[in-house]
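Working notes, beginning with the structure itself.
Residue numbers (this note's numbering), protein chains in the order written: chain A, 1 to 292; chain B, 293 to 596.
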């Protein structure tokens, strides 16, 4: 019976309900759509609230962005220096993505294709660093970056973000590479490819989706980082978006339209990336190598 | 490691290890050693020092003085108690709602992909941005209470963040907004590994929906739940962005967690020695709590 009605081999499919379709649909609504709608209200209303204030004229008390205005966005972007903050955040996030992805591919390849002495110890070390809280690294990292003359340098943020994201990135990457059959590579070696050429011609093209996913996580992590940025950066010209936002929060009450517009600028890149990578979320982040 | 024994070749030599893997992991090892392992050692060292950027001439070894100061520090004890309350409240609420959400989006229905993307979206939002968004909702002039006041439900100017109970629940809700998706994502992965035939067999045997959940789903995801709860607890313990920016640990220090106290010590007073000692104590407490939890739940013992 279920073989006929159950669609495809998806897991956890309930067998067909013997009752009439209309009664079944009503039950589905009660079981799925009702609670899901309530939860979506909880998830999406806060986003809507921010968008509404970002595009609503000051003093209006409408629950719609009426009268509509883009003044808040313009004001924050130009007068609020968010164009500069945005650029700084981009520089930090892109550099962190590039550095951490390259290193993650190198480590992921070593972990999935070689067995070498100290491999387990290395993996254990990487996993355990996942439990080191950023707040507790503030003081020693401050001292290190001060010693290296990297205070007020975006490089301090690139390094800190890369290091904190690297263990997760490389463990995810090792998983992706493990999923590519080694026979493909062996075929390339037989055809006369060197190990590196085999990687570049066979593995790399297949690895691109995985690299995009890992890179996206690194980007989100670096873009969102606040604690390091507020600790290591004091000059306004070097502020990242989260730091800029935190100063606006300090003056909150004065100008919530600008605050909402600043929030919108901060959330857009992350939400766009998220829309792209969310399909990897469940499979990618389930391996225990998880960090919020 | 084995290179320390210089006398003769090692007794057992496994297959020749090529240099390549070490070259590949080398850069990562250097980065992690310099920027994670060394700092951990440095924190422990500094915990026994007096260190203050503002008064460097007083710096030096002070033995256990920092730790004695912690025992007499009322802020420490208060923040420790609040940390427990915060972690337990957050994790248990996220557990209940996260599992419920995961069960719902694991069902088959039209638009499931889009629904998943939407409910999981807050996961990607920064702590500071969570604050920004919820500040607009909690604030008396821009928030929900203003519209409730228009309807005559509450007084104008009601701020959720001015009383310590209000600030606590405001922070709990905002953090749940970001945390529930995370919990749900982890549980969803476990749900997808439950074989569908089990449900069919149980259905044939006449088991109802509730019965199927208790007898099939729950046993299957039990280990996953234990791990997810532990990871969330560690994260909620460590996470300071939201509380630092939403309540600032206030009013009157009533929402200060231990790591937040550390961050404030580092950011404001620059007492690095004392802050390091607090870090060591906080980390020790977290480790002990994790070990106790793993023992209580027998985590890792039954490998099924």
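Backbone N, C-alpha and C define an ideal beta-carbon position, used for all residues, glycine too.
When C-beta distances to chain B are compared with 9 Å, the residues of the stretch 31-51 of chain A below that value are 31, 32, 33, 35, 36, 39, 40, 42, 43, 44, 45, 46, 47, 49, 50, in chain order. About 26 Å separates the beta carbons of residue 132/A and residue 315/B, which is beyond the 8 Å limit, so they are not a contact pair. Residue 116/A sits in coil when the DSSP states are folded into three classes, being neither helix nor strand. When DSSP states are grouped into helix, strand and coil, residue 563/B belongs to the strand group.
Cβ-Cβ distances below 8 Å link residue 504/B to 491, 494, 495 in the same chain, with the five nearest sequence neighbours on each side left out; the list follows chain order.
When rounded, the separation of the alpha-carbon atoms in residue 255/A and residue 415/B is 27 Å. Excluding sequence positions up to five before and after residue 227/A, its CB lies within less than 6 Å of the CB of 134, all in the same chain and listed in chain order. In this chain, the alpha helix (DSSP H) harbouring residue 489/B covers 488-496. For the pair residue 521/B and residue 130/A, the Cα-to-Cα distance works out to about 16 Å. Contacts with chain B at 7 Å (Cβ-Cβ) do not include residue 190/A. Two segments are said to touch when three or more pairs of C-beta atoms, one from each, lie closer than 8 Å; by this definition the stretch 95-103 of chain A touches the stretch 202-219 of chain A. Looking at the DSSP output, residue 68/A bridges to 56/A.
If you look at residue 186/A, you'll find it in the alpha helix (DSSP H) that goes 182-190. Look at residue 375/B: its C-beta is not under 7 Å from any C-beta on chain A. Counting along the chain, the unbroken alpha helix (DSSP H) around residue 438/B starts and ends at 436-442. Across the structure, residue 472/B and residue 392/B are spaced so that their CA atoms are roughly 10 Å apart. Using a Cβ distance threshold of 7 Å, residue 241/A and residue 83/A do not count as a contacting pair. Put simply, the backbone Cα of residue 435/B is about 19 Å away from that of residue 246/A. Of the residues 171/A, 86/A, 109/A, the one whose Cα lies closest to the Cα of residue 124/A is 171/A.
By the CB criterion at 7 Å, residue 463/B and residue 538/B fall inside the cutoff. Counting only Cβ-Cβ distances below 7 Å, residue 396/B has contacts in chain A at 32, 35, 36, in chain order. For residue 507/B, there is no enclosing alpha helix (DSSP H), as DSSP gives it neither H nor E.
Between the C-alpha atoms of residue 148/A and residue 233/A there is a straight-line separation of about 14 Å.
The closest CA to that of residue 489/B, considering only 477/B, 509/B, 475/B, is found on 509/B. With a contact defined as Cβ atoms closer than 8 Å, residue 257/A and residue 72/A qualify at about 4 Å. Taking all protein chains in view, the Cβ of residue 421/B is crowded by 16 or more other Cβ atoms within 10 Å, so the residue is classified as buried.
In summary, the residues of the stretch 517-544 of chain B whose CB is separated from some CB of chain A by less than 9 Å are 519, 520, 523, 524, 526, 527, 528, 529, 530, 531, 532, 533, 536, 537, 538, in the order they occur in the chain. Only 555, 558, 559, 564, 567, 568 from the stretch 555-569 of chain B bring a Cβ to less than 8 Å from some Cβ of chain A. Per DSSP, residue 328/B lies in no alpha helix (DSSP H) segment and is marked neither H nor E. Going by DSSP, residue 409/B is part of the alpha helix (DSSP H) stretching over 404-412. Look at residue 215/A here: in three-state DSSP terms it is helix. Between residue 430/B and residue 406/B, the gap from beta carbon to beta carbon reaches 7 Å or more. The count of Cβ pairs closer than 8 Å, one atom from the stretch 379-394 of chain B and one from the stretch 188-201 of chain A, stays below three, leaving the stretches out of contact.
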